[in-house]
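Comments concern the structure below.
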Amino acid sequence: MQIAVLSGSPKGELSVTLQYVRLIQKKFPQHELKVINVSHDIQKIEKDEKLFGKIIDDIINADGVLWAFPLYFLLVPSQYKRFIELIRERAAQSAFKGKYTAVLSTSIHFYDHTAHNYMRAICDDLDMRFVDSFSADMDDIFLEEMRARLLFFARNFFEAIEHNLPTVKIFSPLVYSKFRYAPGEAKARVDTKGKRIVVITDVEDKQSNLARMVKRFKESFRQDIGVYNLHDINIKGGCLGCIQCGFDNICVYQGQDEFVDFFNKMGDADIIVHAGTIKDRYLSSRWKIYFDRSFFNGHIPVRMGKQIGFIISGPLSQTPNLRQILEAQAEMQKADLVDIVTDECGDSPWLDALLQNLAVKCVQLAAENYIRPQTFLGVGGHKVLRDFVWARARFPFLADFRFYRKHGMFDFPQKDKRHLNYSKQMRDLIKTPEMKEMVRKMTKTEMVKNYQKVVENL
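Per this note's numbering, the sequence shown starts with residue 10, numbered consecutively.
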């Protein structure tokens with residue numbers, strides 16, 4: 010059978026992900042895996058509708074479709090995202106309808122679940138028959154056990170196609186509201202208290218809900234705030250995954266476009282509000298370029314201590330995966346997520362109030378230098394990156410290593426001598442059955458005593 014492999018790496022044939030595809034091809038020579046480098050060639054595909062049409066023909070003629078990509082910034086690369094947008098923009102959805110499909114990714118397991126949730130939802134939206142997904146650590150190919158798992162995944166995919174096995178959808182279609190926001194006048198304007206506030210947006214239609222929300226938010230302040238449109242910034246292309254920035258945070262594009270200067274300029278603000286419209290199951294590919302290209306900073310939380318807000322047009326409540334991505338972005342930056350305001354309420358006065366409240370909270374929290382405690386999104390993500398930077402990525406991510414060491418981010422629990430010593434003392438204490446039973450009965454009351462003392466002393 011013939012499988013169309015939609016390769017998502019901007020590095021084309023030099024892709025790590027593609028080596029996993031090549032391994033599958035080598036072990037299953039009876040099937041043809043036709044690799045189409047959609048991310049690498051995205052600019053050509055955008056300009057040449059015949060080339061896009063040829064890719065669609067390959068999809069139509071294939072027995073199955075394998076989406077294969079590396080993870081970039083909690084999702085697929087921006088180039089891959091753009092290809093997915095083109096499918097709908099050029100009305101090519103019917104080519105995917107009913108096709109068996111599977112997803113293969115490579116990463117360090119840093120938010121690979123959000124990327125896979127996104128792709129599973131895209132496959133359901135395209136009415137495809139989703140079989141399975143395989144999230145490989147980028148180094149799994151070196152392990153015999155993991156190679157065996159990969160080949161089982163591939164065999165399972167091929168057999169599903171061969172035997173016409175049933176599949177299940179888990180994502181419902183998005184339902185978009187027809188609500189048109191009519192903003193009212195901002196009467197009680199907020200004093201910025203000397204805080205620099207910027208709004209970054211990708212507005213194209215000035216009559217859209219998003220444009221009106223941005224305008225109403227801007228008018229909530231007494232002083233002028235900066236509003237910047239990503240379409241006005243000269244951005245040559247998406248992140249290339251070349252990691253040349255790893256040594257010293259110098260992007261390979263530096264001097265060729267305006268992105269680095271723009272991103273750094275936004276970092277001078279105390280409050281950064283991102284405004285975008287939901288496009289398929291994420292924001293636009295323009296926004297994805299912005300987030301991907303920010304990787305010239307490596308894994309360094311360059312928005313540390315900032316107040317972050319989002320203004321979203323579209324059905325965010327129907328896309329909890331996107332909400333988690335936005336929350337995770339703020340937490341991983343060690344910033345504070347003030348709020349996410351959407352136009353889903355369908356009521357203009359209420360939306361006015363929500364935007365006004367966002368303005369108030371942004372300034373209040375910035376004035377207090379408030380950063381809410383991290384949840385698992387931040388704590389778990391930090392541990393993954395910490396371990397990655399400490400060993401596997403110490404080279405070439407030298408800039409990351411220097412920053413993590415300087416800021417005490419190599420906070421391995423093995424170094425916590427206080428808890429280690431306490432645990433050893435208690436283990437020695439309960440070696441006798443009598444002491445073990447006595448400690449067991451005291452655990453609940455003893456556990457809370459130190460916490461009670463803190464409250465009493467305050």
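For every residue, glycine included, the Cβ atom is placed at its ideal position computed from N, Cα and C.
Which residue or residues does DSSP assign as beta-bridge partners of residue i?
{"i": "Arg138", "result": "Tyr109"}
{"i": "Asn238", "result": "Thr210"}
{"i": "Val261", "result": "The partner list for Val261 (beta bridge, DSSP) is empty, contrary to what the question assumes."}
{"i": "Asn46", "result": "Ser16"}
{"i": "Asp149", "result": "For Asp149, which the question treats as bridged, DSSP gives no partner whatsoever."}
{"i": "Phe162", "result": "Paired residue(s): none; Phe162 is not in a bridge."}
{"i": "Phe143", "result": "Leu113"}
{"i": "Ile349", "result": "Phe319"}
{"i": "Glu41", "result": "Gln11"}
{"i": "Val463", "result": "According to DSSP, Val463 bridges with nothing at all."}
{"i": "Asp266", "result": "Gln263"}
{"i": "Gly21", "result": "In DSSP, Gly21 forms no bridge with anything."}
{"i": "Phe230", "result": "Val199"}
Since I believe residue j is in contact with residue i (beta carbons under 8 Å), could you give me their beta-carbon distance rounded to a whole number of angstroms?
{"i": "Thr201", "j": "Phe230", "result": "6 Å"}
{"i": "Gln327", "j": "Leu374", "result": "That pair is no contact at about 28 Å."}
{"i": "Pro192", "j": "Asp134", "result": "About 31 Å separates the two Cβ atoms, so there is no contact after all."}
{"i": "Thr115", "j": "Ala145", "result": "5 Å"}
{"i": "Ala13", "j": "Asp67", "result": "5 Å"}
{"i": "Gly73", "j": "Met10", "result": "7 Å"}
{"i": "Val25", "j": "Trp76", "result": "With 8 Å as the limit, Val25 and Trp76 do not qualify as a contact, their Cβ atoms being about 16 Å apart."}
{"i": "Asn165", "j": "Asp141", "result": "6 Å"}
{"i": "Ile321", "j": "Gly355", "result": "In fact, because the Cβ distance is near 14 Å, the residues do not count as touching under 8 Å."}
{"i": "Val184", "j": "Pro324", "result": "6 Å"}
{"i": "Ile349", "j": "Phe385", "result": "About 18 Å; that fails the 8 Å criterion."}
{"i": "Ile242", "j": "Glu267", "result": "5 Å"}
{"i": "Ile380", "j": "Asp425", "result": "That pair is no contact at about 23 Å."}
{"i": "Lys274", "j": "Tyr262", "result": "Going by Cβ atoms, the distance from Lys274 to Tyr262 rounds to 16 Å, so no, they are not a contact pair."}
{"i": "Phe412", "j": "Arg403", "result": "Actually they do not touch by this definition, with Cβ atoms about 12 Å apart."}
Do you know whose CA, among the options, lies nearest residue i's CA?
{"i": "Asn126", "options": "Arg332, Glu55 and Ser294", "result": "Arg332"}
{"i": "Ile96", "options": "Lys215, Val212, Tyr109 and Lys288", "result": "Lys288"}
{"i": "Glu353", "options": "Leu363, Ala344, Asp345 and Trp76", "result": "Leu363"}
{"i": "Val47", "options": "Phe272, Pro38, Leu27 and Glu41", "result": "Leu27"}
{"i": "Ile259", "options": "Pro405, Val388, Lys196 and Thr351", "result": "Pro405"}
{"i": "Ile209", "options": "Leu386, Gln216, His283 and Lys297", "result": "His283"}
{"i": "Leu407", "options": "Gly255, Asp277, Met418 and Phe272", "result": "Gly255"}
{"i": "Ile170", "options": "Arg189, Ser186, Asn218 and Lys108", "result": "Lys108"}
{"i": "Ser16", "options": "Ile64, Gln39, His40 and Lys59", "result": "Ile64"}
{"i": "Cys371", "options": "Met313, Thr384 and Asp279", "result": "Asp279"}
{"i": "Gln102", "options": "Ile244, Asp136, Tyr81 and Tyr120", "result": "Asp136"}
{"i": "His118", "options": "Ile93, Ile439 and Tyr81", "result": "Tyr81"}
{"i": "Leu174", "options": "Phe139, Ala197, Ala195 and Leu152", "result": "Phe139"}
{"i": "Ala195", "options": "Asp270, Thr384, Arg381 and Ser357", "result": "Ser357"}
{"i": "Phe37", "options": "Ile69, Leu160 and Asp348", "result": "Leu160"}
{"i": "Leu84", "options": "Asp361, Ala130, Leu60 and Asp241", "result": "Ala130"}
{"i": "Gly417", "options": "Phe167, Gln263 and Lys392", "result": "Lys392"}
{"i": "Val369", "options": "Val347, Ile380 and Ile439", "result": "Val347"}
{"i": "Gly389", "options": "Glu455, Arg403, Asp420 and Gln365", "result": "Asp420"}
{"i": "Leu360", "options": "Met275, Thr454, Arg189 and Phe180", "result": "Arg189"}
{"i": "Gln232", "options": "Arg198, Met222 and Leu367", "result": "Arg198"}
{"i": "Glu55", "options": "Glu94, Ala344 and Arg427", "result": "Glu94"}
{"i": "His40", "options": "Lys224, Ala344, Phe105 and Phe167", "result": "Phe167"}
{"i": "Thr351", "options": "Thr454, Ile69, Gln365 and Phe61", "result": "Gln365"}
{"i": "Thr176", "options": "Arg99, Thr110 and Asn218", "result": "Thr110"}
Can you check whether the C-beta of residue i is within less than 8 Å of a C-beta belonging to chain B?
{"i": "Arg158", "result": "Annotation note: the requested chain B is absent from the structure, which comprises a single protein chain."}
Taking 7 Å as the line, does the beta carbon of residue i fall inside it for any heavy atom of the ligand COA?
{"i": "Leu174", "result": "Absent from the structure shown: the ligand COA. Ligands present: none."}
Contact between the stretch 440-459 and the stretch 333-348 (3+ Cβ pairs under 8 Å): no
Check whether the stretch 236-254 touches the stretch 10-29, counting contact only when three or more Cβ pairs, one atom from each stretch, lie closer than 8 Å. yes
Counting pairs of beta carbons, one from the stretch 301-310 and one from the stretch 235-243, are three or more of them closer than 8 Å? no
Within the chosen definition, does the stretch 48-56 reach the stretch 76-96 through at least 3 CB pairs nearer than 8 Å? yes
Answer yes if the stretch 27-45 comes into contact with the stretch 146-161, meaning at least three C-beta pairs across the two stretches below 8 Å, and no otherwise. yes
Whether or not the stretch 366-383 and the stretch 194-208 are in contact is what I'm after, with contact meaning three or more pairs of Cβ atoms, one per stretch, closer than 8 Å; do they touch? yes
Give the list of continuous beta strand (DSSP E) stretches no shorter than 3 residues that lie fully inside the stretch 273-335. 280-286 and 316-322
Given 8 Å, three or more beta-carbon pairs between the stretch 296-304 and the stretch 392-399: no
So within the stretch 398-446, which uninterrupted alpha helix (DSSP H) runs reach at least 4 residues, ignoring any that extend past its ends? 407-415 and 426-438
Output the residue ranges of the alpha helix (DSSP H) runs that lie fully inside the stretch 64-99 and measure 4 residues or longer, sorted by chain position. 87-98
Continuous alpha helix (DSSP H) assignments of at least 4 residues falling wholly in the stretch 347-386: 357-377
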